[in-house]
Structure formats: C-alpha cells, structure tokens
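Note that our numbering has the sequence shown beginning at 753, numbered continuously upward. Quick reminder that beta carbons are idealized off the backbone N, C-alpha and C, glycines included. Since the structure is predicted, the reported quantities are computational estimates derived from the model, not experimental observations. Just below is one structure, and these are the notes that go with it.
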Amino acid sequence: MSTLKNHVQLIGNVGQEPQITNLESGKKVARLSLATNEYYKDAKGEKVQSTEWHTIVAWGKTAEIIEKYAGKGKEIGVTGKLKSRSYEDKDGIKRYVTEVEANEILLLGTKNGNNSAD
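The structure is reproduced here in structure tokens:
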C-alpha cells in the first residue's frame, strides 16, 4: 500500500514533440506535455469536452523510449509520481510547477502486440 501514496496513472495524447536532453553523465531526460480529455453532459444535456494538460518528465531508459516512440499526437499511458519544484524566471519571479515523473510508459494505439515499455 505504501506505493499508492504518491501514484499517478494517466492516458492521453502527446501535445508536442518531446524535448530530449542529453546530460553530461550520458543519461537522457525527456519532457513532454500530455493532454487528457474528460467528457460530460452539461445542464442542457450536450456533450462537453474538458482537456487538462500535464507536464511529464522521464529519465534514462524511459526517456529513450519516449524519444523513439512517443511523438506528437501519439496516445500513451504513463505511471509515475507527482514532483513539485520551484525556480526563478528571467524576471526574478519565483515560479512553482508540479510535474509527473514517469517511471513507466505504455505505448497505445499500435498494431503490434508489444505495447508496453519501461
């Protein structure tokens, strides 16, 4: 049960081409935006779509898989944990962000049977 304390699962579409950074250590880090959609009916009974955007960060082998297979528009599943951090922008204003640190990626919408990667 302790692994459920900070656990995130999302299925959505990659919003733009992932940004891959090669670190001096040889390790890779991938950053991407993921759109998740929720559908509901409003007071008039009309179907409404609500989209949430999530920032995903992945390291090492998971980043390599994202680089090779998770391009813009691709539907993927992500499991990981929430990480919050702060930084100062170019104007010296302190900003706060919450990101999903991915530890597993599931490639969806492909025709072959081997869609899982971690």
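Where does residue i land, buried or exposed, given buried means 16+ other C-beta within 10 angstroms?
| i | result |
| --- | --- |
| isoleucine 775 | The identity of residue 775 in the sequence shown is leucine, whereas the question assumes isoleucine. With fewer than 16 Cβ atoms within 10 Å of its Cβ, leucine 775 is classed as exposed. |
| lysine 863 | Residue confidence is low: lysine 863 scores 49 on pLDDT, short of 50, so the model does not pin down where it sits. Its coordinate-derived value is still stated next. It counts as exposed. |
| alanine 795 | exposed |
| leucine 859 | buried |
| leucine 784 | buried |
Please report the distance separating the alpha-carbon of residue i from that of residue j.
| i | j | result |
| --- | --- | --- |
| asparagine 765 | leucine 786 | 5 Å |
| tyrosine 848 | isoleucine 808 | 15 Å |
| valine 830 | aspartate 841 | 28 Å |
| glutamate 798 | glutamate 827 | 26 Å |
| asparagine 866 | valine 760 | Note that asparagine 866 scores 47 on pLDDT, short of 50, meaning its location in the model is unreliable and no value can be drawn from it. |
So what does DSSP say about residue i, is it helix, strand or coil?
| i | result |
| --- | --- |
| lysine 833 | strand |
| leucine 784 | strand |
| glutamate 769 | coil |
| glutamate 816 | helix |
Out of the options, point me to the one whose CA is closest to residue i's CA.
| i | options | result |
| --- | --- | --- |
| alanine 815 | Thr773, Asp841, Gly861 | Thr773 |
| tyrosine 821 | Ile857, Val760, Leu762, Gly778 | Ile857 |
| serine 777 | Glu853, Lys793, Gly812 | Gly812 |
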